[in-house]
Amino acid sequence: MSYRHNEEWRMRVVLALAWQKVQPVEKVSGEGERFSCFVHHLDGDGLIQISKKSPGSQDQVIYRLDRYGGLKGVFSCSADGRDELLYDRDSGFGKRHETEVECSTMLGRLERLLLIDEVGELAL
Numbered sequence: 008m009s010y011r012h013n014e015e016w017r018m019r020v021v022l023a024l025a026w027q028k029v030q031p032v033e034k035v036s037g038e039g040e041r042f043s044c045f046v047h048h049l050d051g052d053g054l055i056q057i058s059k060k061s062p063g064s065q066d067q068v069i070y071r072l073d074r075y076g077g078l079k080g081v082f083s084c085s086a087d088g089r090d091e092l093l094y095d096r097d098s099g100f101g102k103r104h105e106t107e108v109e110c111s112t113m114l115g116r117l118e119r120l121l122l123i124d125e126v127g128e129l130a131l
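Below is the structure:
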């Protein structure tokens with residue numbers, strides 16, 4: 008998946024998740040990558056949380072975004088209970104560009120899963 012860093016595109020993906028009838032939104036790719044998306048609130052800037060778990064791993068990476076697609080923070084949660092902050096927009100902690108690229112790549116994969124489900128529903 009090529010890197011797509013476009014705030015308008017990211018906002019459309021995030022809001023598509025936010026307006027799903029069932030929350031949290033759970034998606035699994037054909038490769039076994041698991042996504043769990045939960046809208047905490049849409050007031051003000053909003054807070055949407057997306058967790059990603061790679062196939063065969065118990066660890067997950069959690070992305071927190073605002074309703075406009077802006078990345079607020081990223082942290083990892085290990086199966087052994089350890090949490091590690093990877094990026095925080097407000098404090099400037101972490102590697103912004105690298106983390107933004109990873110977030111957009113993840114959203115691209117998630118968007119593809121949403122589109123597959125949408126096409127499947129239209130076929131019914």
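Sequential numbering of the sequence shown, starting at 8, is according to this note's numbering.
For each residue, glycine too, the CB sits at the ideal point set by N, CA and C.
Beta-ladder partner(s) of residue i, from DSSP
{"i": "I55", "result": "V46 and L72"}
{"i": "C84", "result": "Q67 and D90"}
{"i": "D95", "result": "G80 and F100"}
{"i": "E33", "result": "S43"}
{"i": "K28", "result": "Per DSSP, none; premise fails for K28."}
Burial state of residue i, where buried means 16 or more other Cβ atoms lie within 10 Å
{"i": "V81", "result": "buried"}
{"i": "Y94", "result": "buried"}
{"i": "K34", "result": "buried"}
{"i": "V46", "result": "buried"}
{"i": "I123", "result": "exposed"}
Nearest-angstrom Cα separation, counted from residue j out to residue i
{"i": "G51", "j": "D73", "result": "9 Å"}
{"i": "L117", "j": "N13", "result": "15 Å"}
{"i": "R89", "j": "L22", "result": "30 Å"}
{"i": "E15", "j": "S85", "result": "32 Å"}
{"i": "S28", "j": "I57", "result": "Residue identity check: residue 28 is Lys in the sequence provided, not Ser. For K28 and I57, the distance between alpha carbons rounds to 16 Å."}
{"i": "E107", "j": "L78", "result": "7 Å"}
Residue-chain proximity (residue i, chain B), Cβ-Cβ < 9 Å
{"i": "I69", "result": "The structure shown contains no chain B; it is built from a single protein chain."}
Beta-carbon separation (whole angstroms), residue i vs residue j, contact threshold 8 Å
{"i": "P31", "j": "S43", "result": "5 Å"}
{"i": "M113", "j": "Y70", "result": "7 Å"}
Distance cut-off 8 Å: residue i Cβ against heavy atoms of the ligand GTP
{"i": "E118", "result": "As presented, the structure is devoid of all ligands, the ligand GTP included, so that no description of it is given."}
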